[in-house]
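*Asks:*
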DNA sequence: ACTAGGACGGTCATACTGCG
DNA sequence: CGCAGTATGACCGTCCTAGT
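In full-length UniProt numbering, the protein residues as written are 1 to 754.
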């Protein structure tokens, strides 16, 4: 039996010291720990190296794809994790190393940290990793295959693919129901309105250029997250349906998703308290937060202090210096005196006797004598001196505080009056803008938006007693006992600490006490949910992905949770997509990777259509996009007839391009506003910026924010152009279709192997 | 076209604080 | 003193815009 020590529970002192006392065994640590250090600068890495010194034991990098970004794409920095992995290998040269990952490297670039393979470096064909990389990139899939074969032949590479035999993949397309469609349309319309509103508000309030670009950056990212969430919510009914169907077939359900919406929930809880009327709607909170924090308001007028007079006098040193300047200017010939708008100043200074030395000699400005100096008063504003008796009416009361002469007082009141008018106007503008902002906020509150999908699913599947949640969330919303309203609960209880919640929940699932598990990224580390022969719950798993992860590695990772060795039955995978064009972009990205990993296509080709039909982010996709844009802008004819149109009736096509253009304007692809700097804006107006022209990702992202009807038509048009290109490429025989199986009727050996 | 820079969400490790 | 909960900050991945 080995003792396993969790490094993050241990202090930073020497591991073999008396206080810690670990001489042998296994030390377990996360990649996050590997780069962690205490405040005093002692690092875990150093601690390990110290413990291991001259160590010829074994280092296992499990899930080693975490370090894949050691050699990143040009322009970005290597990640700390990658560097740390490299560092520990260098510092423990005697240690043996295993790289262990379910996903390996989906790209040769991701192999940067595998220095022990001996594929590059001195004594090999490649002096440096970059040389290796360049060759691999040039060689394509074939070269990779050779490397893999070579490694296998040399006995350094063991590949155990868990056969996906028995596993079933199904892509479930979830059409939006009528309520959802309605909601979607309203939301899309609202975002478009909000955009117009923001545009005018930004100009109205005279925003800085940088501030305004900041605003738009936030706008578009919020926009995207918003519709992403809506898409997830749209799939909830389908999840419920699939789940209950699975129960009827005596199966159990695992639901995978990415974002838990915790940030939004926590915010709402801290805002409204822990008892709420209904579940929190992520998209609504998102919108509220965006508008609340970013709606451009014109400048608030400076609050006028109650003792405004003194305040302003003190604040006006500039005014006094101006006077002295004006007075000095009067000494020189008068050529520019009256050109100024100094009517008041002038009349005043002119009536004054010209006493230029009054600063040094304290003399009364009125009687022009310096006698009785103790009774002289100095104006706090113009700094002239006055006899209290010379003034009309004479000043009797010596306040000792700031005092100002009548003319200054007059000016001050004048100034105050002007300021008041100005302030009033400012205030009006401000109030107007504020009113609009509040109106928008209320509008958002009245919008019918879906709830947080995670809470929603749990609720609809019977509450937390039936569903085991394996996520990183700290708390959750639960429908209160009376059936009215919801309450925020922390997920841990008296018996179960925070750290153990996920394990506990998992156990409940594996014991069959709960038949639904919801897993997110956090829960995915080391949690196995397969139909293990040792577990009580051996029902077949139905794995539903509500939301595919960004990268294929993670997707595979998640698939792997329910598909492991020693299982009684292989799971059924249900990949959920809505029928919205914009959402297929996620499929597009993941499909690309899944394809190159061969997980889906090789695993089970009979399991329905390949996902590669959805990979749009390729050179063909770019070409198709350019074609689409040009067609809509009527620069070039469209190569295909748009959906719902007919070539016999050109007016239908015109109508379509018109609508398409309007849609593109509303999501900011066709520029209709002055966002850039002044001189370019006119050129950009009503056009598509060059950089957007080839950006398929952006096209698909923005598409998501359109009403379903036009969204789908545009997307269909895009795919039909795309298909056309693919077909042409295939006809010309230069379509790179990746790895293909070549079937031969006979195979003969030509020569003996060398 | 490509790079730089900023913002956000999510996860995790660590240090701090209050309580029995 | 140990324990649980909270605050903070680093890291990572993703997105967006502006500038060259």
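No residue lacks a Cβ here, since even glycine has one placed at the ideal position from N, Cα and C.
(1) In this structure, how does DSSP classify residue 744 when only helix, strand and coil are distinguished?
(2) For the beta strand (DSSP E) that contains residue 62, what are its first and last residues?
(3) Name, in chain order, the residues that DSSP records as bridge partners for residue 100.
(4) Taking buried to mean at least 16 other C-beta atoms within 10 Å of its own C-beta, is residue 252 buried or exposed?
(5) Going by the CB atoms, is the gap between residue 31 and residue 80 shorter than 7 Å?
(6) Which of the three DSSP states, helix, strand or coil, is assigned to residue 6?
(7) Using the C-alpha atoms, what's the distance from residue 127 back to residue 49?
(8) So, at 6 Å on beta carbons, what are the nonlocal neighbours of residue 569 in its own chain, with the 5 sequence-adjacent residues on each side left out?
(9) Helix, strand or coil: how does DSSP classify residue 749 here?
(10) Between residue 478 and residue 464, what straight-line distance do the alpha-carbon atoms span, to the nearest angstrom?
(11) Between the Cα of residue 219 and those of 168, 286, 516, spot the shortest distance and give me the residue it belongs to.
(12) What are the start and end residues of each continuous beta strand (DSSP E) run of 3 or more residues lying completely inside the UniProt domain "PHD-type" (361-411), in chain order?
(13) If you draw a straight line from the C-alpha of residue 317 to the C-alpha of residue 202, how long is it?
(14) Starting from residue 532, follow its DSSP beta bridges and name the residues at the other end.
(15) Cutting at 6 Å between CB atoms, please list the residues of its own chain near residue 27, excluding the five before and the five after it.
(16) Relative to the alpha-carbon of residue 664, which residue among 565, 561, 408, 702 has its alpha-carbon at the smallest distance?
(17) Give the secondary structure of residue 123 by DSSP, where H, G and I count as helix, E and B as strand, and everything else as coil.
(18) Locate the beta strand (DSSP E) running through residue 577, then write down its first and last residues.
(19) Suppose you measure from the CA of residue 254 to the CA of residue 269; what does that come to, to the nearest Å?
(20) Which class does residue 28 belong to by DSSP, given the choice of helix, strand or coil?
(21) Can you give the Cα-Cα distance for residue 653 and residue 647, rounded to whole angstroms?
(22) Taking the alpha helix (DSSP H) that residue 282 belongs to, which residues open and close that run?
(23) Please state if the CB of residue 454 and the CB of residue 281 are separated by a distance shorter than 7 Å.
(24) Under the three-state reduction of DSSP, which class applies to residue 156: helix, strand or coil?
(25) So who's on the other strand from residue 253, going by DSSP bridges?
(26) Only counting runs of 4 or more residues, tell me where the alpha helix (DSSP H) segments fall wholly within the segment 430-479, in order along the chain.
(27) Label residue 514 either buried or exposed according to how many other C-beta atoms from any shown protein chain fall within 10 Å of its C-beta, with 16 as the threshold for buried.
(28) Give a yes or no on contact between the segment 132-151 and the segment 107-123, applying the rule of three or more CB pairs nearer than 8 Å.
(29) In or out: residue 156 buried (at least 16 other Cβ within 10 Å) or exposed?
(30) Check whether the Cβ atoms of residue 375 and residue 387 lie closer than 7 Å to each other.
(31) Let me know if residue 442 comes out buried or exposed under the rule of 16 or more other beta-carbons within 10 Å of its beta-carbon.
(32) What do you get for residue 428, buried or exposed, if any count of 16 or more other CB atoms within 10 angstroms of its CB means buried?
(33) Measure the alpha-carbon distance for residue 643 versus residue 575 and round it to whole angstroms.
(34) Are the beta-carbon atoms of residue 688 and residue 629 separated by less than 7 Å?
(35) Buried or exposed: which applies to residue 2, given that a residue is buried once 16 or more other Cβ atoms fall within 10 Å of its Cβ?
(36) Compare the Cα-Cα distances from residue 172 to each of 641, 296, 657, 545 and report the closest residue.
*Replies:* Let me spell this out:
(1) Residue state, collapsed to three classes: coil.
(2) 58-62
(3) According to DSSP, which records beta bridges pairwise, residue 100 is partnered with 62.
(4) buried
(5) Cβ distance not < 7 Å, so residue 80 and residue 31 don't count as in contact.
(6) In the three-state DSSP reduction, residue 6 falls in the strand class (E or B).
(7) 28 Å
(8) Setting aside the 5 residues that flank it on each side, residue 569 is surrounded in the same chain by 531, 540, each with a C-beta closer than 6 Å to its C-beta; the list follows chain order.
(9) coil
(10) 8 Å
(11) 286
(12) 376-378, 385-387
(13) Note that residue 317 scores 40 on pLDDT, short of 50, meaning its location in the model is unreliable and no value can be drawn from it.
(14) 567
(15) Same-chain partners within the cutoff: 5, 7.
(16) 702
(17) coil
(18) Here the beta strand (DSSP E) through residue 577 covers 572-578.
(19) 28 Å
(20) strand
(21) 8 Å
(22) 282-294
(23) no
(24) Coil at residue 156, not helix or strand.
(25) 516, 542
(26) 453-460
(27) buried
(28) yes
(29) The residue in question, residue 156, is exposed, as its Cβ has fewer than 16 Cβ neighbours within 10 Å.
(30) yes
(31) exposed
(32) Exposed, by the Cβ-count rule.
(33) 26 Å
(34) yes
(35) Residue environment for residue 2: exposed (fewer than 16 other C-beta atoms within 10 angstroms of its C-beta).
(36) 545
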